[in-house]
Amino acid sequence: MNTEEYERMYRLEDTYWWFVGRHHLVLTLLQSAYPAEQSLSILDVGCGTGAMSQKLAPFGTVVSADFSPLALSFSKRRGIGRLVVSDAVRLPFRDACFDVVIAMDLLEHVEDDQTALCEIHRVLKPGGRLISTVPAYPSLWSGHDVALMHFRRYVAPVLRRRVTAAHLRIERLSYAMTFLFPIVWMVRKIWPGRNNPKASLIPVPGLVNKMLVRLLTWENHIIKHLNLPWGVTVLCVAVRP
């Protein structure tokens, strides 16, 4: 990602419906997996500009890793202290040292996603969990993916094969952002600027933004109990046996 995209992400992550809804989804699943109060050791790999890491802080000790020093410079602005420059295929951590690994929109950025998943397995403690999201459906490929330097988009069966090949046991595999799928489909397939290499974070009025956040929050509570059959995102929760 270029400087402009990181700056946009940093500016919008705390308020824009796309980011707020996805962060809420991860936190909902984390709370569901660990309902009792406990201090977790968490790795946020591919942390980007750090908003997710900031929201994970109440759950325990968070280490934020990203291959981009520029991304970590934005995380540092948020006051995040444990920052590590790291490629996802060579994590600089000892074996079995994290209770949770968050890989939110990471794997699509990694050419060798299988090795990255094996590394995540290595650094997880036995019984530790991976919570991962990836963009769904190769048919939705657009200039958005080019701007964000994606190698691929996924379907659930492909992600299942990758995760199980890394010797992780899948607890949950679902699509997400289901109710917004028609809107995103139109933006990615019909919008005049769909092929421009720029993230499709279209400005919306404040009231519309709030409505979209509420819709995603409602959907996330459904996902807490049910797997959804389609959506813009594929979500996986997996455990190291």
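Counting in the working numbering, the sequence shown runs from 1 upward without gaps. Positions of the beta carbon are idealized from the N, C-alpha and C atoms, including for glycine. As the structure is a computational prediction, the values presented were derived from the model and not from experiment.
Assignment of Lys55 by DSSP, reduced to helix, strand and coil, places it in the helix class. The alpha-carbon separation between Thr49 and Gly81 amounts to approximately 13 Å.
Beta-carbon to beta-carbon, Asp99 and Arg122 are separated by about 14 Å, too far to satisfy the 8 Å threshold. The region 143–157 makes no contact with the region 203–212: fewer than 3 CB pairs, one atom from each, lie closer than 8 Å.
Residue pairing of Arg129 in beta bridges, as defined by DSSP: Val100, Val239. If you check the CB distance, Gln54 and Arg78 come in under 8 Å.
When DSSP states are grouped into helix, strand and coil, Tyr154 belongs to the strand group. In this model, Val163 and Arg169 are separated by some 8 Å (Cα to Cα). Taking a contact as a CB-CB distance under 8 Å, the pair Val134 and Thr233 counts as one, their CB atoms being some 7 Å apart.
Short of 8 Å from the beta carbon of His221, and not among the five residues preceding or following it, lie these beta carbons of its own chain, in chain order: Thr28. Comparing alpha-carbon positions, the option among Pro58, Gly46, Phe74 lying closest to Ser64 turns out to be Gly46.
Annotation for Phe19: Leu12, Glu13, Ala51 place their beta carbon closer than 7 Å to its own, counting only its chain and skipping 5 residues before and after. In the same chain as Val89, and ignoring 5 residues on each side of it, the C-beta atoms closer than 7 Å to its own belong to Val110, Asp112, Thr115, Ala116, Glu119, in chain order.
Bounds of any beta strand (DSSP E) do not take in Thr15, whose DSSP letter is neither H nor E. Collapsing the DSSP output to three states places Thr178 in coil.
Counted as a single uninterrupted DSSP element, the alpha helix (DSSP H) harbouring Leu117 occupies residues 113–123. Selection Val84, Val184, Pro241 evaluated against His167 yields Pro241 as nearest (Cα-Cα).
Assigned with DSSP and collapsed to three states, Asp95 falls in coil, not helix or strand. Taken through DSSP and simplified to helix, strand or coil, Leu43 comes out as strand.
Thr28 carries a helical assignment under DSSP once its states are collapsed to helix, strand and coil.
DSSP places Leu83 inside the beta strand (DSSP E), whose first and last residues are 83–85. Relative to Pro138, the option among Tyr34, Trp17, Ala147, Glu108 whose CA is nearest is Glu108.
Contact between Gly60 and Leu40 holds, with the beta-carbon distance rounding to 4 Å and staying under 8 Å. Secondary structure of Glu171 (DSSP, three-state): strand. Within the same chain, Val45, Gly46, Ile120, Leu130, Ser132 come within 7 Å of Ala103 by CB-CB distance, once the 5 residues on both sides are set aside.
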